[in-house]
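Using UniProt numbering, read the sequence shown as starting at 1 and increasing by one per residue. Beta carbons are placed, not taken as given, at the ideal position from N, Cα and C, and that holds for glycine. Report on the following structure.
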Amino acid sequence: MEIENLKKQHKKEVDAIQQTFTDSAYDRSRVETLTKDLVATRLELEETKDRAVNLAVRLKELEVQHAETNRELHDFRTRFDDKTKEIERRYIGKMDQIHMENADLRSLYMKKCAELVDERALTQKKIEEQIQLTRKEFKQKLLNIRVSSAVSLNIDRNARRLSTYATGTQNDLSSTRCHSAYASSQPVSSAHMNHTNAMDLTLNNTRRETKMRRRTSVPTTEEEQDVVKYLTSRPPTRSSSSSKYNFESEPTMLDNLSLEDLQETFKS
């Protein structure tokens, strides 16, 4: 019994010793690991301290640089204000002069613009007046041509209506001339030819005398009196083939004259 108890007791002691040894080995390995970690941590601490020292030095340098920059900025601001005031003092006269010249140039520009507008209006007015004058001159020339192509046989102070169409007597004379021209181509006797030549000579003399008396005399021959009676007895009516104008009233005709009417009259 005692031996068994001793064995158990010794076994417990051995187990306790083994446990203690096992714990000591673990503690030793742990101490070694912690020692290595401690050494690494010390190294990191030294490096961190070095970095901290470097950062402190850099911080001092930045503080010095910042102070220097602030001083330079203050100097720049002071010098800028001084330079601005100096430039203003130096160039204030020129700036005022430039402003005055600018105002003068602006007023001159506005004046030139107004003159240009007036000149353009005056030029346009002159062009329109020249066009109107040229138009009136052209109408007057057309009127003179129309009047010269239909001159009255009697010139006096009584207004008469002219016509470009032949009168009854002129138609008779025209038929006589045509008959004479036709008859001259036929075989006739010498007496008849002498009579025809005498009639032609009489007609030529009558025409020549009529032309000479148109502007200075009143109608004297029977032919002219017939023409005057025919012209004065015709009613002042208009037809599609008759003349549209009273040439004794030139101002009225100038107002009513148009190129289309003249062309229609000349065509008729």
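Mark residue i as exposed unless 16 or more other C-beta atoms lie within 10 angstroms of its C-beta, in which case mark it buried.
i, result
"residue 79", "exposed"
"residue 146", "buried"
"residue 16", "exposed"
Can you tell me where the alpha helix (DSSP H) with residue i in it begins and where it stops?
i, result
"residue 149", "First-last for residue 149: undefined, no H or E at that position."
Can you tell me whether residue i is helix, strand or coil according to DSSP?
i, result
"residue 136", "helix"
"residue 93", "helix"
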